[in-house]
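Trainee: All residue numbers for the sequence shown refer to numbering that gives the first Met the number 0, where the first residue is 0 and numbers rise by one.
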Amino acid sequence: MISNQILQSTLDGLKSITRIELCIVDTDGQVLATTFSDTDKYVSSAIPFIDSAAESQTVGNCQFFKVFDDRRLEYVLLAEGSSEEVYMVGRVATFQIQNLIVAYKERFDKDNFIKNLLLDNLLLVDIYNRAKKLHIETDIRRVVYIVETNRDKEGNDIDKIKGLFGSKSKDFITAVDEKNIIVVKALEPDEGYDIVNKTAASILKAINAGSDIAANIAYGTIVNEIKEVSKSYKEARMALDVGKIFFEDREIIAYNTLGIGRLIYQLPIPLCKMFIKEIFEGKSPDEFDEETIITINKFFENSLNVSETSRQLYIHRNTLVYRLDKLQKSTGLDLRVFEDAITFKIALMVVKYMKYMETLDY
């Protein structure tokens, strides 16, 4: 469970303090970490020690100690030397490694719990029972972030985020698939969405540090109970998808800012096609020429203001009116009329949604 790198780092640290040579082997006698090179002369003696009932033993100039994980033999520690001092160092090292096993098991169990919590794989009673066992607070405010980069996932992305949050036990950083990193962030009672958004910006900055490859971040709403964490996660997932469709220029997207895009995203495709057919009689609004599309978008950006739109397009007011009249003849919708403008705007968004869905692999 513990990586060989961690075991090696632990032995190196102990040796630097005690000056005692140490080695760890698994139950098959394979060396996992060591501070000295000539381990073969001792490892052969570890096999009979593993099968014995003794928890510690001295063989020649080496002392052996069994390291247990909940009564199950996990490792054998070798300490070179036969003195009482070496024995004490061996006992301390054994105690240290057993504590590492417990810590890593708890960390693994917490990560597994959070993943199942996000995916709604736990019964309500199990959520609270396991949270209590893992010493996870159940009644604090939390929000879920999803971090997605447009590159193959690199292990140091998670490390960057963990470095940002430090060792604060109330926060959890994990991944439920190969594409995204999930952050379950604990919030103080007085922290609101302004702090949530600033944290998203900090995550974005950490991910992009030293890289020219951008990342996108989405987050759900703030929840007050651990049982609602999956709700915030689902909202963040929806925000990530809706952001790709309707807010391509945003690197940070919040669920509570999706507006009508959130409603359109939940429409069945057959209903969307029926709507477009009824409004435009089979013609798609994205089939208009580039000039017309630019005019429409700029008109909406300026809240249907003819004068401001013509000014920003560097055209005469009458030219803009002509274009709007031409559009009205072809679609039956006058964008200068609020109701027609709303219908046209929704239609454009529906078409973007349908095109996005067509690109997905089912």
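Quick reminder that beta carbons are idealized off the backbone N, C-alpha and C, glycines included. These numbers were taken from a predicted model, which means no experiment stands behind them.
Please classify Thr-330: does DSSP put it in a helix, a strand, or coil?
Mentor: helix
Trainee: What residues are listed by DSSP as bridge partners for Ser-55?
Mentor: Phe-64
Trainee: Mind reading off the beta-carbon distance from Tyr-218 to Ala-205? Whole number of angstroms is fine, and I expect it under 8 Å.
Mentor: The pair is not a contact, with the Cβ atoms about 15 Å apart (cut-off 8 Å).
Trainee: Can you check which of these residues, Asp-158, Ala-185, Pro-188, is closest to Ala-174 by C-alpha distance?
Mentor: Distance from the Cα of Ala-174 is smallest, within the candidate group Asp-158, Ala-185, Pro-188, for Asp-158.
Trainee: Does any C-beta atom of chain C lie closer than 8 Å to the C-beta of Ile-263?
Mentor: Among the protein chains of the structure shown there is no chain C, as only one such chain exists.
Trainee: Thinking Thr-93 and Val-58 are a contact (beta carbons under 8 Å), I'd like their distance in whole angstroms, please.
Mentor: About 16 Å; that fails the 8 Å criterion.
Trainee: Taking the alpha-carbon of Leu-257 as reference, which of Ser-43, Pro-267, Lys-243 has the nearest alpha-carbon?
Mentor: Lys-243
Trainee: Considering only the beta carbon of each residue, do Lys-178 and Glu-147 sit closer than 8 Å?
Mentor: Against a cut-off of 8 Å, the Cβ pair of Glu-147 and Lys-178 comes out as a contact.
Trainee: Report the rounded CA-to-CA distance for Cys-61 versus Glu-54, giving the unit in angstroms.
Mentor: If you draw a straight line from the Cα of Cys-61 to the Cα of Glu-54, it comes to about 14 Å.
Trainee: Relative to the C-alpha of Ser-229, which candidate in Arg-310, Ile-275, Arg-141, Val-320 has its C-alpha closest?
Mentor: Nearest C-alpha to Ser-229: Arg-141.
Trainee: Buried or exposed, going by whether 16 or more other CB atoms sit within 10 Å of the CB of Gly-12?
Mentor: exposed
Trainee: For Tyr-313, does the three-state DSSP call read helix, strand or coil?
Mentor: coil
Trainee: Can you list, in chain order, the stretches of the beta strand (DSSP E) that have 3 or more residues and sit fully within the stretch 96-167?
Mentor: For the beta strand (DSSP E) assignment, the uninterrupted runs of no fewer than 3 residues enclosed by the stretch 96-167 are, from N- to C-terminal side, 140-148.
Trainee: Let me confirm a value: Asp-156 is counted as buried when at least 16 other C-beta atoms fall within 10 Å, else exposed. Which label applies?
Mentor: Asp-156 comes out buried.
Trainee: Quick check on Ser-231: buried or exposed, where buried means 16 or more other Cβ atoms within 10 Å of its Cβ?
Mentor: buried
Trainee: Output needed for Ile-278: all residues of its chain with C-beta closer than 6 Å, excluding positions within five of it in sequence on either side, in chain order.
Mentor: Ala-346
Trainee: Applying the 10 Å Cβ sphere with the 16-neighbour rule, what's the burial state of Gly-89?
Mentor: buried
Trainee: Let me check one thing: in DSSP terms, what residues is Ala-214 bridge-paired to?
Mentor: Thr-148
Trainee: Taking a contact to mean a Cβ-Cβ separation below 8 Å, would you say Gly-28 touches Ile-46 in this structure?
Mentor: yes
Trainee: Could you tell me if Arg-322 is buried or exposed, where buried requires 16 or more neighbouring beta carbons within 10 angstroms of its beta carbon?
Mentor: Buried, because 16 or more other Cβ atoms sit within 10 Å of the Cβ of Arg-322.
Trainee: Using the C-alpha atoms, what's the distance from Ala-235 back to Gly-191?
Mentor: 16 Å
Trainee: Enumerate in chain order the residues of its own chain whose CB-to-CB distance from Lys-272 is below 8 Å, with the five nearest sequence positions on each side excluded.
Mentor: Met-353
Trainee: Got a sec? Which residues, its chain only, sit under 8 Å from Ser-306 by beta carbon, not counting five neighbours each side?
Mentor: Arg-316
Trainee: According to DSSP, is Thr-33 helix, strand or coil?
Mentor: Reduced to three states, the DSSP call for Thr-33 is strand.
Trainee: Based on the DSSP secondary-structure assignment, which residues constitute the bridge partners of Thr-173?
Mentor: Ile-181
Trainee: CB-CB under 8 Å to Ser-201, same chain, minus the five flanking residues each way: which ones, in chain order?
Mentor: Leu-163, listed in sequence order.
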